[in-house]
Amino acid sequence: MKLQVHRTYNFNAGPSALPFSVLEKAQAELIDFRGTGMSVMELSHRSRTYEEVHNQAINNMKELLSIPDTYEILFLQGGASLQFSMIPMNFLKSGKKASYVMTGSWSEKAFSEAKLFGDVYHAASTKEGNYRSIPKIDQLQYNAEDTYLHLTSNNTIYGTQWTDFPDSGDVPLIADMSSDILSRPIDVNKFALIYAGAQKNLGPSGVTVVIIRKDLLEQANTSVPTMLKYSTYAKNNSLYNTPPTFGIYMLGEVLNWVRELGGLTAISERNEQKAKLIYEAIDSSNDFYIGHADKDSRSLMNLTFNLKTEELEKKFLEQAKKEGFVGINGHRSIGGCRVSSYNAVPIEACKAFSEFMIDFQTKNS
Ligand code: PMP
38 MKLQVHRTYN FNAGPSALPF SVLEKAQAEL IDFRGTGMSV MELSHRSRTY
88 EEVHNQAINN MKELLSIPDT YEILFLQGGA SLQFSMIPMN FLKSGKKASY
138 VMTGSWSEKA FSEAKLFGDV YHAASTKEGN YRSIPKIDQL QYNAEDTYLH
188 LTSNNTIYGT QWTDFPDSGD VPLIADMSSD ILSRPIDVNK FALIYAGAQK
238 NLGPSGVTVV IIRKDLLEQA NTSVPTMLKY STYAKNNSLY NTPPTFGIYM
288 LGEVLNWVRE LGGLTAISER NEQKAKLIYE AIDSSNDFYI GHADKDSRSL
338 MNLTFNLKTE ELEKKFLEQA KKEGFVGING HRSIGGCRVS SYNAVPIEAC
388 KAFSEFMIDF QTKNS
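The opening residue of the sequence shown carries number 38 in the numbering used here; numbering runs sequentially from there.
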């Protein structure tokens, strides 16, 4: 008999919900991983069994995102935040500049780190409008000589998301996709480097995925510490030192789950369906709920909104918590409400939350 398991409606912004079937599989395999008599966490990272897990995760990533052979897929640690420093360390050069598109707090952090290493400037910023929007692609201002152009594809805190990306020509385009990687099909060929902390759509925290074009690796600065050089990971299949083995195993399993669901087209339709349930509750509320992002910049991953008064918002958040909806509070830096509807959040959770929103409005109007 299967035990009834308690699972909450988890809308956390990251770490966040993982697919239930992946958790069940990890649980079943935990004590004796594929007949080894030990858990995956206890395997040597030099063993054949682990290597299979590692390479399977790389291959799954490659297949799902249709990543050409001209790219390397790397597993690092230090979160997306370490990428904020590694990118300028490896690629900023004296006498050259890099530009950053400012669309929220994470872009600001990436920019501040880069400033420590060289000459950087804003290609555009939507800060004046309280980061409600994504700039128009044709209004980005950067130079053909720049070493790179950096953007944040989904702004976890403000709830905005790019729908299309610039064709940056010879300027390498670098994207922080921490909060929307694998949520929809993308054309990897537009990017020279994509990075993402795993803890939203990819798996547990502890792994950072980097997809890097091989020619960029060749242009990297050489006087960088070994562990902070992309080439160290590329030359050693991300096995130069001990990688976060359990996280990589989970990542591989999450990718299997995405594949079984039908890949990125299917997952993106599901994500649209989920977001629609919440945005419809906002849009039909007659300003009872006020969406933060401009409609054309809305994120399908982080849906942000406010209520008319702080008092009502407090009541809403308390009530939501009581009803078992977890993680609805906006980021501590801006407050308000935020529904993070990453890949693994089931449609039923969004349906239940949209019903809760409608019911709360009826009772409090
Ligand atoms: N970039 C984005 C878009 C994020 O959402 C986050 C984390 N929420 C980060 C970077 C920082 O990631 P990490 O905690 O993995 O360093």
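Quick reminder that beta carbons are idealized off the backbone N, C-alpha and C, glycines included.
None of these values were measured; they are calculated from a predicted model.
Name all residues in chain order for which at least one heavy atom of ligand 1 lies closer than 6 angstroms to the residue's CB. G51, G116, A117, S118, W143, T189, T193, D213, S215, S216 and G234
Return helix, strand or coil for Q64, following the three-state DSSP convention. Of the three classes helix, strand and coil, the one that applies to Q64 here is helix, per DSSP.
Select from N192, Y195 and A229 the residue whose C-alpha is nearest the C-alpha of L203. According to the sequence displayed, residue 203 carries Pro and not Leu. Of the listed residues, the one whose Cα sits closest to P203 is A229.
Report the three-state DSSP secondary structure of R221 (helix, strand or coil). DSSP places R221 in the coil class of the three-state scheme, outside both helix and strand.
Which runs of the beta strand (DSSP E), 3 residues or longer, sit entirely within the stretch 282 to 366? 326 to 328 and 339 to 344
Could you tell me whether the stretch 299 to 311 touches the stretch 204 to 224, using the rule of 3 or more Cβ pairs below 8 angstroms? yes
Beta-carbon spacing of E59, N293 below 9 angstroms: Note that residue 59 is Val in the sequence shown, not Glu. A contact, by the Cβ cut-off of 9 angstroms.
If you drop the 5 nearest sequence neighbours on each side, which residues of the same chain put their C-beta closer than 6 angstroms to that of M214? S190, I231 and A233
Please confirm whether P52 and K237 have their CB atoms less than 9 angstroms apart. yes
Helix, strand or coil for V59, going by three-state DSSP, please let me know. helix
Three or more C-beta pairs below 8 angstroms linking the stretch 331 to 339 and the stretch 160 to 172: Touching, yes.
Going by DSSP in three states, K146 sits in which element: helix, strand or coil? helix
If distances are taken between C-alpha atoms only, which option among I248, E297, L340 and E150 comes closest to I315? The residue from I248, E297, L340 and E150 with its alpha-carbon nearest to that of I315 is L340.
Suppose the cutoff is 7 angstroms on Cβ atoms and the five residues either side in sequence are ignored; what does the same chain contact list for Y270 look like? Excluding sequence neighbours, Y270 sits near L111, L113 and Y277.
From the DSSP output, in three-state form, read off T86 for me. helix
Using the three-state DSSP reduction, which class does Q178 fall into: helix, strand or coil? Three-state DSSP puts Q178 in coil, outside helix and strand.
Going by the DSSP bridge assignment, what does M139 pair with across the sheet? S162
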